[in-house]
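One structure below.
In the working numbering, the protein residues as written are 235 to 494.
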């Protein structure tokens with residue numbers, strides 16, 4: 235009976251497969267401004283560029299990774315709650331949460347050069363080599379033309395075949411989309427061709443009890459240094475930024491052909 239039943243069981247579809255589990259090792263940690271409600275984080279040319287949220291406390295800033303020192307800062311008008319951040323060809327693009335507006339800055343001077351509108355909420359933003367990739371809190375990522383900022387498509391993200399909502403801060407890493415899942419300790423790895431979550435990183439143990447002695451908010455903030463293959467993570471109001479190394483690395487070697 236048991237053997238017959240096993241033979242009759244349907245094969246698990248690729249879409250329904252559980253994501254691979256990526257383990258992590260902390261390479262090092264460095265100071266992070268406890269007052270920064272981190273919404274977007276990137277690393278370019280040796281500096282973090284960070285977007286912080288909350289009305290009246292939103293900003294875009296340039297930060298020394300080793301010390302956490304803020305070396306350049308631009309305040310966002312208090313009526314806006316800033317969200318995700320990315321760069322594109324010498325510009326910084328910063329979303330806002332519920333204002334339907336993104337700000338475009340000169341990356342070097344932080345002078346605001348423009349803005350554009352979008353429907354719904356703004357959460358996270360990153361880019362591949364051709365398009366901007368934006369999250370809005372749902373299970374759908376939007377693709378935007380980086381010149382016109384018009385939406386050109388979307389990607390439904392699934393976890394074992396079911397939509398995965400609350401996609402937040404995004405980073406494009408070695409051909410894949412990394413996403414914080416809001417109100418969780420997880421980062422998911424998304425195949426940009428299919429939308430399937432192919433791997434997952436659980437960072438629940440990253441902050442120590444001492445780090446949490448002063449209240450912190452959720453894990454949020456992923457930055458990737460492509461030139462040196464370094465990955466950094468932090469959170470809202472966290473006292474530290476962590477450089478982490480993922481294992482096994484073969485899961486990140488070939489886009490869209492992850493081994494199991």
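Idealized CB from N, CA, C, for every residue including glycine.
Source: prediction; values computed, not measured.
> Among residues of its own chain, excluding the 5 on either side of residue 361, which ones have a beta-carbon nearer than 7 Å to its beta-carbon?
Replying inline: Here residue 361 refers to the residue found at position 127 when the chain shown is read from its first residue. Excluding sequence neighbours, residue 361 sits near 320, 322, 367, 380 and 406.
> Could you give the distance in angstroms between the alpha-carbon of residue 252 and the alpha-carbon of residue 423?
Replying inline: If you number the chain shown from 1, residue 252 lands on position 18. If you number the chain shown from 1, residue 423 lands on position 189. If I take the Cα positions, the gap works out to 12 Å.
> Taking C-alpha atoms, which residue in 399, 460, 474 and 374 lies nearest to residue 453?
Replying inline: Here residue 453 refers to the residue found at position 219 of the chain shown. Closest by alpha carbon: 474.
> What is the DSSP secondary structure of residue 447, reduced to helix, strand or coil?
Replying inline: Residue numbering aside, residue 447 sits at position 213 when the chain shown is read from its first letter. It is coil, neither helix nor strand.
>> Quick test of your reading: residue 441 and residue 268, contact by CB under 8 Å. State the CB separation rounded to the nearest angstrom.
In response: Numbered from its first residue, the chain shown carries residue 441 at position 207. Numbered from its first residue, the chain shown carries residue 268 at position 34. Not a contact, Cβ separation roughly 12 Å.
>> Give me the residue from 458, 478 and 462 with the minimum Cα distance to residue 276.
In response: Numbered from its first residue, the chain shown carries residue 276 at position 42. Per the Cα distances, 458.
> Excluding five sequence neighbours on each side, which residues of the same chain lie with their C-beta closer than 6 Å to the C-beta of residue 348?
Replying inline: For this step, residue 348 is matched to residue 114 along the chain shown. Once the five neighbours on either side are set aside, the close Cβ partners of residue 348 are 338.
> Closest by CA to residue 358, which one among 399, 364, 341 and 392?
Replying inline: By one-based count along the chain shown, residue 358 stands at place 124. With distances taken between Cα atoms, residue 358 lies closest to 399.
> According to the neighbour-count rule (16 or more other Cβ atoms, all chains shown, within 10 Å of its Cβ), is residue 307 buried or exposed?
Replying inline: Stepping through the chain shown from its first residue, residue 307 is reached at position 73. Counting Cβ neighbours within 10 Å, residue 307 comes out exposed, since fewer than 16 surround it.
>> Only counting the same chain, and skipping five residues up and downstream in sequence, which positions put a Cβ closer than 7 Å to that of residue 334?
In response: Counting from 1 along the chain shown, the entry for residue 334 is found at position 100. Closer than 7 Å at the Cβ level, and outside the excluded window around residue 334, lie 351, 352 and 353.
> Just the Cα atoms here: how many angstroms apart are residue 462 and residue 408?
Replying inline: Indexing the chain shown from 1 puts residue 462 at position 228. Indexing the chain shown from 1 puts residue 408 at position 174. If you take the alpha carbons of residue 462 and residue 408, they lie about 12 Å apart.
>> Contact defined as beta carbons within less than 8 Å: I believe residue 451 pairs with residue 469. What is the distance between those atoms, to the nearest angstrom?
In response: Along the chain shown, read from residue 1 onward, the residue named residue 451 stands at position 217. Along the chain shown, read from residue 1 onward, the residue named residue 469 stands at position 235. So it is a contact: roughly 6 Å between Cβ atoms.
> Where does residue 250 sit, in a helix, a strand or coil, going by DSSP?
Replying inline: Here the question's residue 250 lines up with position 16 in the chain shown. Looking at residue 250 - three-state DSSP - the assignment turns out to be helix.
> residue 429 and residue 391: beta carbons closer than 8 Å?
Replying inline: The residue you call residue 429 lines up with position 195 of the chain shown. The residue you call residue 391 lines up with position 157 of the chain shown. Contact flag set, yes.
>> Bridge partners for residue 264 per DSSP, in chain order?
In response: As a first step, residue 264 must be located in the chain shown, where it is residue number 30. Beta-bridge pairing links residue 264 to 475.
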